[in-house]
Amino acid sequence: MIKEILKFIIFLINMPIYWISSLIPKNSNVWVFGAWYGQKYSDNSKAVFEFVNKKNKNIKAIWLSKNKKVIKKLRQLGYKAHYPYGIFGYLYCLRAGKCIVSSSFITDVNKFAISKNTKKILLWHGVPIKKVGKSDKIEKNMGSNVLIKKIKYTLFPNLREEYDMITVTSKISKEVFVKGFDIDRHRVKITGYPRNDMLIKNIGYNNKDRFEILYAPTFRGDVGSEFKFPPEVNFNQHKIDEYLEKNNMFLYVRLHYANKFSEELLKSITQMKNASIFDCCNINEHLGRFDLLITDYSGIYIDYLLLGRPIIFFPFDYKEYIRNERELVYEYDKITPGPKAYSWDDILKHIDELIRKPSLYKKDIIKVRNIFHKYIDGKSSCRVYYEIMKL
Numbered sequence: 099m100i101k102e103i104l105k106f107i108i109f110l111i112n113m114p115i116y117w118i119s120s121l122i123p124k125n126s127n128v129w130v131f132g133a134w135y136g137q138k139y140s141d142n143s144k145a146v147f148e149f150v151n152k153k154n155k156n157i158k159a160i161w162l163s164k165n166k167k168v169i170k171k172l173r174q175l176g177y178k179a180h181y182p183y184g185i186f187g188y189l190y191c192l193r194a195g196k197c198i199v200s201s202s203f204i205t206d207v208n209k210f211a212i213s214k215n216t217k218k219i220l221l222w223h224g225v226p227i228k229k230v231g232k233s234d235k236i237e238k239n240m241g242s243n244v245l246i247k248k249i250k251y252t253l254f255p256n257l258r259e260e261y262d263m264i265t266v267t268s269k270i271s272k273e274v275f276v277k278g279f280d281i282d283r284h285r286v287k288i289t290g291y292p293r294n295d296m297l298i299k300n301i302g303y304n305n306k307d308r309f310e311i312l313y314a315p316t317f318r319g320d321v322g323s324e325f326k327f328p329p330e331v332n333f334n335q336h337k338i339d340e341y342l343e344k345n346n347m348f349l350y351v352r353l354h355y356a357n358k359f360s361e362e363l364l365k366s367i368t369q370m371k372n373a374s375i376f377d378c379c380n381i382n383e384h385l386g387r388f389d390l391l392i393t394d395y396s397g398i399y400i401d402y403l404l405l406g407r408p409i410i411f412f413p414f415d416y417k418e419y420i421r422n423e424r425e426l427v428y429e430y431d432k433i434t435p436g437p438k439a440y441s442w443d444d445i446l447k448h449i450d451e452l453i454r455k456p457s458l459y460k461k462d463i464i465k466v467r468n469i470f471h472k473y474i475d476g477k478s479s480c481r482v483y484y485e486i487m488k489l
């Protein structure tokens, strides 16, 4: 509650700028970009940002970040980058004709200086298999204090999640966003995800002398929550390490950035010879190196479908997750083209099976891929760019 009150005080301090922002003329050639709460240079926003910088020199594209390392890195690359709540962050947001984000304009850029007259484009950060926005009752009830929200939206009506355009990858995903964001259908554009352009273009590249596996579970709990396996999952580091060694395989473990490893799990993985933590900002840019994906309810597998490679699904806590975490949009078994595992013993057996029969789930993978991806041509950045230009 104290945290919410402090946030509200910041809102009050910014109130004059918020109301002035609507009076300032917008420049259609000033585009501000942001992603992942202003902390990362990644995702669909990054792909479109780089495309715009190459495509149209008349557009002043500015990346906004709260991370000093990101700002420094982008400036070294010759891009324009600023802190969203610094003087230039305010000035560019006040003048911006377009605002392009991957999570929310409220979190990714300067929410106080972006007015109703700025065109807001949400590129999102994954194909949803879980309910989003207003559709997700569990997520909806986990937000900030209802009274404070009501006061906030009364004083700052433009800070509602409303967009001039949202991009999706397919017709089925379009329905999820129309319902979740209560948005007019014509504002949701089927373009494909720009971040997958590079993945599709490098689809055949795999220059390695070992079989590499990625385990990437979805986000669980609150921000900063520990991730650990229950005893029945049987994460036996010695047995798994021995199996990987014997079969010339290597396992990378990558948690959602908002989770952290439990001390016990972290110790187990660091002691293994054939496993490691995959610590990177942009996991989608590295998907092409992996021969096999292990995941649960993470939308990462939807992108991985573009590669046509095998996936093992590991929903060891399915009932608990559905009850306490997030609601799924679809029937899980119908959209997960691969074997289901409920322990690490199951996973090792399924890996053996997939090595012996690599085409076992190939037809299912193609079927589900075609449901979630209309375009597989590596030109999504271009489509998004032209849709933004039309606004």
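Our numbering puts the first residue of the sequence shown at 99, with every later residue one more than the last.
Using N, Cα and C, we set each Cβ at its ideal position, and we do this for glycine too.
Note that the structure is a prediction, hence the values are computed from the model and not measured.
message: Quick test of your reading: Leu312 and Phe376, contact by CB under 8 Å. State the CB separation rounded to the nearest angstrom.
response: Contact between Leu312 and Phe376 is confirmed by a C-beta separation of about 7 Å, below the 8 Å threshold.
- prompt: Just how far apart, CA to CA, sit Leu404 and Lys124?
  reply: Roughly 39 Å separates the two Cα atoms.
query: Is the number of C-beta pairs between the segment 179 to 198 and the segment 129 to 137 that are closer than 8 Å three or more?
result: The answer is yes - the segment 129 to 137 touches the segment 179 to 198, with three or more Cβ pairs under 8 Å.
- prompt: Which residues in the same chain have their Cβ closer than 7 Å to the Cβ of Ser478, if we skip the five residues on either side of it in sequence?
  reply: If you ignore the 5 residues before and after Ser478, its C-beta comes within less than 7 Å of the C-beta of Thr289, Gly290, Tyr291, Pro292, Asn294 and Asp295, all in its own chain and listed in chain order.
field: Closest by C-alpha distance to Ser366, when choosing among Gln335, Ile264 and Tyr395
entry: That would be Gln335, whose Cα lies nearest to the Cα of Ser366.
DSSP-derived helix/strand/coil call for Leu162: Reduced to three states, the DSSP call for Leu162 is strand.
query: DSSP three-state call for Met370: helix, strand or coil?
result: The answer is coil: DSSP assigns Met370 none of H, G, I, E or B.
field: Per DSSP, the bridge partner or partners of Leu390
entry: Per DSSP, Ile311.
query: For Gly136, which option in Val199, Asn151 and Arg193 has the closest C-alpha, if you only look at C-alpha atoms?
result: Taking the Cα of Gly136 as reference, the smallest distance to any Cα among Val199, Asn151 and Arg193 is reached at Val199.
Residue from Lys196, Thr205, Asn208 and Val207 whose Cα sits closest to the Cα of Thr216: Checking every option, the nearest Cα to that of Thr216 belongs to Lys196.
query: What number of angstroms, rounded off, separates the C-alpha of Tyr116 from the C-alpha of Phe327?
result: For Tyr116 and Phe327, the distance between alpha carbons rounds to 46 Å.
task: Take Leu342 as the anchor and find which of Glu324, Phe309, Asn332 and Ile281 has the nearest alpha-carbon.
output: Nearest of Glu324, Phe309, Asn332 and Ile281 to Leu342, Cα basis: Phe309.
- prompt: If we count the other Cβ atoms within 10 Å of its Cβ and call it buried at 16 or more, is Gly406 buried or exposed?
  reply: Classification of Gly406: exposed, given that the 10 Å Cβ count is below 16.
query: Under 8 Å, do Leu426 and Tyr395 count as touching if we go by C-beta distance?
result: Cβ atoms of Leu426 and Tyr395: closer than 8 Å.
message: Please report the distance separating the alpha-carbon of Ile204 from that of Lys218.
response: Between Ile204 and Lys218, the C-alpha separation is close to 11 Å.
task: Specify, as a first and last residue, the run of the beta strand (DSSP E) that Thr265 falls within.
output: For Thr265, the uninterrupted beta strand (DSSP E) run begins and ends at Met263 to Val266, by DSSP.
- prompt: Asn125 bridges to which residues according to DSSP?
  reply: Assignment of beta-bridge partners to Asn125 by DSSP yields Ala194.
- prompt: If you drop the 5 nearest sequence neighbours on each side, which residues of the same chain put their C-beta closer than 7 Å to that of Asn156?
  reply: Taken in chain order, the residues that qualify are Asn127.
message: So if DSSP puts Ile179 in a beta bridge, which residue, or which two residues, is it bridged to?
response: This sequence places Ala at residue 179; Ile is not what is there. Answer by DSSP bridge pairing, in chain order: Trp161.
- request: Provide the residue(s) that pair with Val199 in DSSP beta bridges, ordered along the chain.
  value: Paired residue(s): Gly132 and Leu220.
query: Assuming Ile445 and Phe412 make a contact with CB atoms under 8 Å, what is their CB distance in whole Å?
result: Yes, they are in contact, since the Cβ atoms of Ile445 and Phe412 sit about 7 Å apart, within 8 Å.
message: In the DSSP output, what is Phe496 paired with across the bridge?
response: The structure shown does not extend to residue 496, since the chain is modelled only from 99 to 489, so the question has no answer here.
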